[in-house]
Amino acid sequence: MPLSLCDLGDDDYSRRMAHDALRAGDDIRAEDHDSYCILAGRADAGLVLLCDHAGNALPPGYGSLGLPPEQLRRHIAYDIGAAGVTRALAAALGAPAVMTRYSRLLIDPNRGADDPTLIMRLSDGAVIPGNRRLDATERDKRMRLYYQPYHRAIDAVIDRCLASGVAPSLLSIHSFTESWKERPRPWHVGVLWDRDRRLAGPLLDSLYAEGDLIVGDNEPYSGQLEGDCLWQHATCRGLVSALIEVRQDLIRDAAGQAVWAERLCRIVAAVLSTTLSQRRPVVVADKAVRAGTPQRPSVGEQMEKGP
Ligand SMILES: [Zn+2]
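In the working numbering, the protein residues as written are 1488 to 1794.
What follows is the structure, encoded as structure tokens:
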């Protein structure tokens, strides 16, 4: 039985109690499903948090996808520290969150259905034996059981937020490796965005103003990845969104996650309070269609094309 994401890292008792208090009377209740979980929050909080790469579990029957178990503890399997930061942010801001349970190596929820890196055969030098020979049946099974439920849950949470009369901003929490191909990455944190800077701009300004951070603007990746999670749920619905990447060595342990959650909570709360009036949905014209389901080969040979 995989460990529940909602139970991970619960050493912070007070944080857990705050979240339990939310469950009692809040609009969006905590839910624990096979491939994802929802953290409770107010539907009118003006914010939905997402964590696409929260977990490194694998469903029964998949073993370790043929990998040595230690490979599943590496960044190739999930975004180290991102779940803890997301959980703490959700509790502190009273915002609902949707988080995955299973490893991105099973299927990557932050890719379009037709993206060639949806299911990776090779990731940062590691061959994924369990993905080597993937037929259409297995691919469709992973889509049906481990990809679509997460995206449906995000849509449902957004729908409930919109019904409250307050359009939510979407904020996706990720982490990145401190080096890539032996080149150190200087940024402490990055803000990724596509074509809408309504949230990313103020977030970047606030992070620059901290004074002690090297901040990436669409670094270490571009936020312009068509079909990714924010494209599906924010761009196509005209919702304000941004993606925050924290360097994983800074949030590897609970202490680091707490420090970064506190910093991001302060910044995000201030940004949301000043952008509240801008949160009506505005559909971006040429992306006003939902991500389709074109079926191109979707087994990837590379990594790091995006968050
Ligand atoms: Zn990620």
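Think of the CB as a built atom: it goes at the ideal place given N, C-alpha and C, for glycine as much as any other residue.
For Arg1516 and Ala1527, which I take to be in contact (beta-carbon distance under 8 Å), what is that distance rounded to the nearest angstrom? Counted from its first residue, the sequence shown places residue 1516 at position 29. Counted from its first residue, the sequence shown places residue 1527 at position 40. Between Arg1516 and Ala1527 a beta carbon distance of about 5 Å is seen, short of the 8 Å cut, so the two are scored as contacting.
To the nearest angstrom, how far is the alpha carbon of Ala1756 from that of Glu1697? Taking the first residue of the sequence shown as position 1, residue 1756 is located at position 269. Taking the first residue of the sequence shown as position 1, residue 1697 is located at position 210. Distance between the alpha carbons of Ala1756 and Glu1697 is about 15 Å.
Could you say if the segment 1558-1575 and the segment 1534-1546 meet the contact criterion of at least three C-beta pairs nearer than 8 Å? Three or more pairs of CB atoms, one per stretch, sit closer than 8 Å, so the segment 1558-1575 contacts the segment 1534-1546.
Sequence-distant residues of the same chain with beta carbon closer than 6 Å to Ala1447, five excluded per side: Lying before the first or after the last residue shown, residue 1447 is absent from the chain, which here runs from 1488 to 1794.
With a threshold of 7 Å on Cβ separation, who are the neighbours of Leu1545 within its own chain once the five nearest residues in sequence on each side are excluded? For the purposes of this step, residue 1545 is taken as the residue at position 58 of the sequence shown. For Leu1545, the CB contacts under 7 Å within the same chain, skipping 5 residues up- and downstream, are Ser1551, Leu1552, Tyr1589, Ser1590 and Leu1593 in chain order.
Taking all protein chains shown into account, decide if Ala1623 is buried (16 or more other Cβ within 10 angstroms of its Cβ) or exposed. As a position in the sequence shown, residue 1623 is number 136, starting the count at 1. The residue is exposed, with fewer than 16 neighbouring Cβ atoms inside 10 Å.
Relative to the C-alpha of Leu1559, which residue among Asp1611, Asp1642, Met1586 and Asp1519 is closest? Along the sequence shown, read from residue 1 onward, the residue named residue 1559 stands at position 72. Minimum Cα distance to Leu1559 is reached at Asp1611.
Every unbroken beta strand (DSSP E) within the segment 1722-1756, with a cutoff of 3 residues, ordered by chain: Listed in chain order, they are 1728-1734.
Going by beta-carbon coordinates alone, are Pro1673 and Ile1701 separated by less than 8 Å? Mapped onto the sequence shown, residue 1673 falls at position 186. Mapped onto the sequence shown, residue 1701 falls at position 214. Cβ distance < 8 Å, so Pro1673 and Ile1701 count as in contact.
Could you tell me if the beta carbon of Pro1636 falls within a distance shorter than 7 Å of some heavy atom in ligand 1? Walking along the sequence shown from the start, residue 1636 turns up at place 149. In this structure, Pro1636 has its CB at a distance of at least 7 Å from all heavy atoms of ligand 1.
Using CA coordinates, which residue listed in Leu1759, His1661, Gln1719 and Asp1681 is at the minimum distance from Leu1737? As a working note, residue 1737 is residue 250 in the sequence shown. Minimum Cα distance to Leu1737 is reached at His1661.
According to DSSP, is Gly1793 helix, strand or coil? Counting from 1 along the sequence shown, the entry for residue 1793 is found at position 306. It is coil, neither helix nor strand.
Mind checking which residues open and close the beta strand (DSSP E) that includes Ala1584? Position 97 of the sequence shown, counted from the first residue, corresponds to residue 1584. Residues Ala1584 to Thr1587.
Using the three-state DSSP reduction, which class does Pro1671 fall into: helix, strand or coil? Along the sequence shown, one-based indexing puts residue 1671 at 184. Residue state, collapsed to three classes: strand.
When DSSP labels each residue in this structure, what does Ala1613 get in the three-state scheme? For the purposes of this step, residue 1613 is taken as the residue at position 126 of the sequence shown. Correct three-state label for Ala1613: strand.
Please return the same chain residues whose Cβ sits closer than 7 Å to the Cβ of Leu1759, not counting the five positions on each side in sequence. Position 272 of the sequence shown holds residue 1759. Excluding sequence neighbours, Leu1759 sits near Gly1533, Leu1534 and Ser1656.
Spatial distance of Leu1621 from Glu1518 (CA atoms): Counted from its first residue, the sequence shown places residue 1621 at position 134. Counted from its first residue, the sequence shown places residue 1518 at position 31. The straight-line gap from Cα to Cα measures roughly 31 Å.
Could you compute how far the alpha carbon of Leu1658 sits from the alpha carbon of Ala1729? Taking the first residue of the sequence shown as position 1, residue 1658 is located at position 171. Taking the first residue of the sequence shown as position 1, residue 1729 is located at position 242. If you take the alpha carbons of Leu1658 and Ala1729, they lie about 5 Å apart.
Quick check on Leu1632: does DSSP put it in helix, strand or coil? Taking the sequence shown and counting its residues from 1, one reaches residue 1632 at position 145. DSSP places Leu1632 in helix when its eight states are reduced to three.
List the residues that DSSP assigns as beta-bridge partners of Leu1534. The residue given as residue 1534 occupies position 47 in the sequence shown. Ser1656, per the DSSP bridge assignment.
Considering only DSSP beta bridges, list what Ala1544 is partnered with. Within the sequence shown, the letter at position 57 stands for residue 1544. Bridge partners of Ala1544: Tyr1589.
Around the Cβ of Arg1475, are there at least 16 other Cβ atoms within 10 angstroms (buried) or fewer (exposed)? A question about residue 1475 goes unanswered here, because the residues of the chain that appear run from 1488 up to 1794.
Could you check whether the Cβ of Pro1707 sits closer than 7 Å to any heavy atom belonging to ligand 1? As a first step, residue 1707 is located in the sequence shown; it is residue number 220 there, counting from the start. In terms of side-chain proximity, the C-beta atom of Pro1707 is found no nearer than 7 Å to any non-hydrogen atom of ligand 1.
Give me the Cα-Cα distance between Arg1684 and Leu1649, rounded to the nearest whole angstrom. Numbered from its first residue, the sequence shown carries residue 1684 at position 197. Numbered from its first residue, the sequence shown carries residue 1649 at position 162. Cα to Cα, the separation comes out at about 21 Å.
So what's Tyr1708 in DSSP terms, helix, strand or just coil? Reading the sequence shown from its first residue, position 221 is the one you call residue 1708. Coil at Tyr1708, not helix or strand.
Within the continuous beta strand (DSSP E) that includes Leu1526, where are the two ends? Sequence index remark: in the sequence shown, residue 1526 carries index 39 (1-based). Per DSSP, Leu1526 belongs to the beta strand (DSSP E) from Tyr1523 to Leu1526.
Roughly how far, in whole angstroms, is the beta-carbon of Pro1707 from the beta-carbon of Glu1732, given that I think they are within contact range, below 8 Å? By one-based count along the sequence shown, residue 1707 stands at place 220. By one-based count along the sequence shown, residue 1732 stands at place 245. 7 Å between Cβ atoms; contact.
Go ahead and label Ser1522 buried or exposed: buried means 16 or more other beta carbons lie within 10 angstroms of its beta carbon, across all protein chains shown. The residue you call residue 1522 lines up with position 35 of the sequence shown. So Ser1522 counts as buried.
Are there any heavy atoms of ligand 1 lying less than 7 Å away from the beta-carbon of His1720, as far as the coordinates show? Residue 1720 sits at position 233 when you count from the first residue of the sequence shown. It does not: the Cβ of His1720 is nowhere closer than 7 Å to a heavy atom of ligand 1.
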